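What follows is a short report on a single structure.
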Amino acid sequence: MLDHTYFTAIESPIPTGKTRTRFAPSPTGYMHVGNLRTALYAYLIAKKAKGDFLLRIEDTDQARLVEGAMEVIYKTLADCGLTHDEGPDLGGPVGPYIQTDRKPIYAQYADLLVELGGAYRCFCDKSNPEPDPDPDATCAATGPVKYDGRCSRLPADEIAAKLAANTPYVIRQRIPEGQTTFSDLVFGQITVDNDTLDDNVLIKSDGLPTYNFANVIDDHLMGISHVVRGSEYLSSTPKYNLLYQSFGWTPPLYVHCSPVMRDATHKMSKRHGDPSYEDLIDQGYLTDAILNYVALLGWSPGGEEEIFTREQLIEVFDVKGISKSPAIFDMDKLRHFNSAYIRALSPEAFHALALPYIQQTVKNPAYDTKAIADILHQRCETLCDIPKKVDFFDTLPAYDIDLYENKKSKTDATISKSMLEAAIAAFEALDHWTSESVHTCLMTLAETLEVKNATLMYPVRIAAAGKAVTPGGAVEICAILGKPETLRRLRLGLEKLG
RNA sequence: GGCGUGUUGGUCAAGCGGUUAAGACUCCGCCCUUUCACGGCGGCAUCACGGGUUCGAGUCCCGUACACGUCACCA
Numbered sequence: 019m020l021d022h023t024y025f026t027a028i029e030s031p032i033p034t035g036k037t038r039t040r041f042a043p044s045p046t047g048y049m050h051v052g053n054l055r056t057a058l059y060a061y062l063i064a065k066k067a068k069g070d071f072l073l074r075i076e077d078t079d080q081a082r083l084v085e086g087a088m089e090v091i092y093k094t095l096a097d098c099g100l101t102h103d104e105g106p107d108l109g110g111p112v113g114p115y116i117q118t119d120r121k122p123i124y125a126q127y128a129d130l131l132v133e134l135g136g137a138y139r140c141f142c143d144k145s146n147p148e149p150d151p152d153p154d155a156t157c158a159a160t161g162p163v164k165y166d167g168r169c170s171r172l173p174a175d176e177i178a179a180k181l182a183a184n185t186p187y188v189i190r191q192r193i194p195e196g197q198t199t200f201s202d203l204v205f206g207q208i209t210v211d212n213d214t215l216d217d218n219v220l221i222k223s224d225g226l227p228t229y230n231f232a233n234v235i236d237d238h239l240m241g242i243s244h245v246v247r248g249s250e251y252l253s254s255t256p257k258y259n260l261l262y263q264s265f266g267w268t269p270p271l272y273v274h275c276s277p278v279m280r281d282a283t284h285k286m287s288k289r290h291g292d293p294s295y296e297d298l299i300d301q302g303y304l305t306d307a308i309l310n311y312v313a314l315l316g317w318s319p320g321g322e323e324e325i326f327t328r329e330q331l332i333e334v335f336d337v338k339g340i341s342k343s344p345a346i347f348d349m350d351k352l353r354h355f356n357s358a359y360i361r362a363l364s365p366e367a368f369h370a371l372a373l374p375y376i377q378q379t380v381k382n383p384a385y386d387t388k389a390i391a392d393i394l395h396q397r398c399e400t401l402c403d404i405p406k407k408v409d410f411f412d413t414l415p416a417y418d419i420d421l422y423e424n425k426k427s428k429t430d431a432t433i434s435k436s437m438l439e440a441a442i443a444a445f446e447a448l449d450h451w452t453s454e455s456v457h458t459c460l461m462t463l464a465e466t467l468e469v470k471n472a473t474l475m476y477p478v479r480i481a482a483a484g485k486a487v488t489p490g491g492a493v494e495i496c497a498i499l500g501k502p503e504t505l506r507r508l509r510l511g512l513e514k515l516g
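Here our numbering is used: the first residue of the first sequence is 19, the next is one more, and so on.
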């Protein structure tokens with residue numbers, strides 16, 4: 019006989035009606051973009067309702083554990099500001115928060131469920147084949163391979179005998195006849211015939227629960243109000259609802275999210291080389307930009323505004339805006355968000371972020387990295403754009419003289435030559451070398467020469483940088499280069515022009 | 001194969017029986033300009049298909065196609 023006081027004792031101390039969501043990854047790999055989005059939505063739902071966001075680790079598959087995966091999860095959540103209120107590291111009122119630490123709890127509830135008639139012990143060992151290498155193909159060819167349920171019909175004395183003989187067993191869910199309906203906040207009401215459902219294993223022979231069991235027990239005991247997860251669980255949700263019914267519990271609200279795709283037919287995946295959160299960071303994307311973009315992938319705020327801080331997202335987020343169809347991850351749009359976030363940074367913040375990238379190609383300590391950061395600030399989409407944009411500071415590239423030919427600024431080799439001569443003369447006479455003085459010097463010179471600014475500026479910039487496209491104009495570049503180096507490069511240009 | 005779900009421009013998407021079918025990204029053109037970028041203006045381009053229901057359908061119903069998910073002692 020089961021001790022029912024045990025269950026009352028460990029029933030959740032969380033007040034009903036409180037919004038609580040959870041992010042429940044299994045530590046099997048890296049944090050892909052879809053995962054991050056699920057975590058974000060769960061966080062937003064909780065915080066919008068002034069509720070709790072918990073972290074639970076689903077590690078019941080001992081074979082798939084990956085070293086270091088937990089650290090990636092903690093670090094990503096922390097970096098993104100998706101701070102949890104309860105979790106393995108923080109503890110909390112409904113712990114433990116790691117499933118393998120909850121093993122005794124599942125065993126108790128499994129026994130209860132057997133007693134309640136919602137599950138049965140299965141002694142079949144034949145039904146433990148090696149994992150099918152290609153279950154999809156098998157099902158397509160042979161149809162579904164359902165367990166025949168023979169152990170569900172075992173007489174009591176036979177069960178007792180097997181138990182007494184220590185026969186290993188699993189616990190399977192008993193699926194009743196009829197139909198099961200559940201409601202999802204994104205997909206609406208879904209009904210299935212119970213005969214399409216299998217008597218799934220709830221407790222494995224190693225005594226650990228499967229996801230199918232653990233998620234129900236944990237979500238209930240932890241007082242989870244909204245279960246936010248990927249839409250791959252849509253098909254098994256009826257089974258979970260049946261479990262809630264057997265226990266006499268109220269099921270949570272479901273929020274199933276469609277996947278983030280790499281193209282029309284494939285999910286984002288590590289195998290295809292799609293970037294994880296960490297990869298994106300390495301590629302020079304800002305956390306806030308990634309978060310903002312990911313929030314909008316498969317969710318629409320309704321209005322025309324697209325840029326939101328995390329705080330604004332909490333305010334504006336609504337489950338109603340989550341879309342049912344999958345969304346394709348668009349790197350171009352991420353770049354757009356990233357450049358907007360970079361431009362919105364303070365000059366100091368940008369300099370701090372950009373410095374290591376600048377130093378990849380600008381090693382000459384004479385150059386003012388703050389000034390270089392300033393000319394880059396409004397001009398890069400990712401931090402990784404930086405090194406090659408400023409590589410000309412350390413070494414003047416070998417450039418071709420037709421670079422001097424430019425229609426818009428009305429320059430060609432001949433005009434450029436005279437412009438450089440004039441600029442060199444003016445610069446030689448310039449003692450005080452600052453951005454302002456260089457600017458005044460050049461502007462005055464253009465006026466004296468009676469040419470448009472571009473006609474003078476263009477050749478000076480080409481000679482100074484040796485590149486057609488540069489961050490900043492002639493003035494900024496010359497100012498950073500300093501007088502001697504500017505003059506050296508301008509004279510070199512003059513030489514080239516014959 | 002069974003079951004489930006989805007389908008508005010190239011991409012993200014708004015739309016909730018009557019709209020010139022929003023907006024953003026991309027791309028193109030123009031303006032601004034010291035190259036580029038930023039910014040401003042403009043442009044290309046969409047309701048998967050077929051039947052209904054209705055005075056009227058992207059919007060509701062049915063079917064078809066296609067796609068995805070699921071059918072593990074994985075989650």
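Just so you know, even glycine gets a beta-carbon here, dropped at the ideal spot from N, CA and C. None of the values given here were measured: they were computed from a predicted structure.
Secondary structure within the region 387-417: the alpha helix (DSSP H) runs of 4 or more consecutive residues, fully enclosed, are 387-395, 404-407 (chain order).
For Q396, same chain residues with a beta-carbon under 7 angstroms away, outside a window of 5 residues either side, are R361 in chain order. Here the alpha carbon of D175 sits roughly 10 angstroms from the alpha carbon of L181. For the pair of segments examined, the region 271-279 was found to touch the region 185-205: the number of CB pairs separated by less than 8 angstroms reaches three. Between the C-alpha atoms of S357 and P374 there is a straight-line separation of about 18 angstroms. When DSSP states are grouped into helix, strand and coil, D224 belongs to the coil group.
For P43, same chain residues with a beta-carbon under 6 angstroms away, outside a window of 5 residues either side, are I91 in chain order. Excluding sequence positions up to five before and after G511, its CB lies within less than 6 angstroms of the CB of L438, A481, all in the same chain and listed in chain order.
Counting along the chain, A137 sits inside the beta strand (DSSP E) bounded by residues 137-140. By the C-beta density criterion, V163 is exposed, having fewer than 16 other C-beta atoms within 10 angstroms.
Within the model, the alpha-carbon separation for V219 versus A370 is close to 54 angstroms. Contact check for F335 and N310: beta-carbon distance about 12 angstroms, past the 8 angstroms limit, so the pair fails to qualify.
In the assembly as shown, L108 is an exposed residue. Its beta-carbon has fewer than 16 other beta-carbons within 10 Å.
With fewer than 16 neighbouring CB atoms inside 10 Å of its own CB, V487 falls in the exposed class. In the structure shown, K285 falls within a strand segment according to DSSP collapsed to helix, strand and coil. The alpha-carbon separation between I242 and N233 amounts to approximately 10 angstroms.
A check of alpha carbon separations from A443 across F410, A431, T452, V478 identifies V478 as the nearest.
The distance from the Cβ of I116 to that of I63 is about 23 angstroms, inconsistent with a contact at the 8 angstroms cut-off.
When C-alpha distances from K222 are compared across R247, Q191, S249, T209, the shortest belongs to Q191.
With respect to the 7 angstroms criterion, I404 and C398 are classified as neighbours on the basis of their beta carbons. The count of Cβ pairs closer than 8 angstroms, one atom from the region 453-473 and one from the region 424-435, reaches three, so the stretches are in contact. For the 7 angstroms CB-CB criterion, G69 and R328 do not form a contact. In the structure shown, T185 adopts coil according to DSSP, grouped into three states. The C-alpha of P114 lies about 22 angstroms from the C-alpha of T56.
Counted as a single uninterrupted DSSP element, the alpha helix (DSSP H) harbouring L460 occupies residues 453-467. DSSP places F231 inside the alpha helix (DSSP H), whose first and last residues are 229-239. A direct Cα-to-Cα measurement between K351 and M49 gives close to 20 angstroms.
Pairing P106 with P31 gives a Cβ-Cβ distance that is not under 7 angstroms. Following the DSSP letters along the chain, one finds D70 in no alpha helix (DSSP H) but inside the beta strand (DSSP E) bounded by residues 70-73. Cβ-Cβ distances below 7 angstroms link G490 to I393 in the same chain, with the five nearest sequence neighbours on each side left out; the list follows chain order. Comparing alpha-carbon positions, the option among T94, H244, D418 lying closest to V51 turns out to be T94. Comparing alpha-carbon positions, the option among F231, V456, V245 lying closest to C496 turns out to be V456. D202 is bridged by DSSP to G206, Y272.
Under the DSSP assignment, T37 falls outside any alpha helix (DSSP H); it carries neither an H nor an E label. Per DSSP, reduced to three states, the secondary structure at R280 is coil, with no helix or strand assignment. Sixteen is the threshold: when 16 or more other Cβ atoms of the shown chains lie within 10 Å of the Cβ of N259, as they do, the residue is buried.
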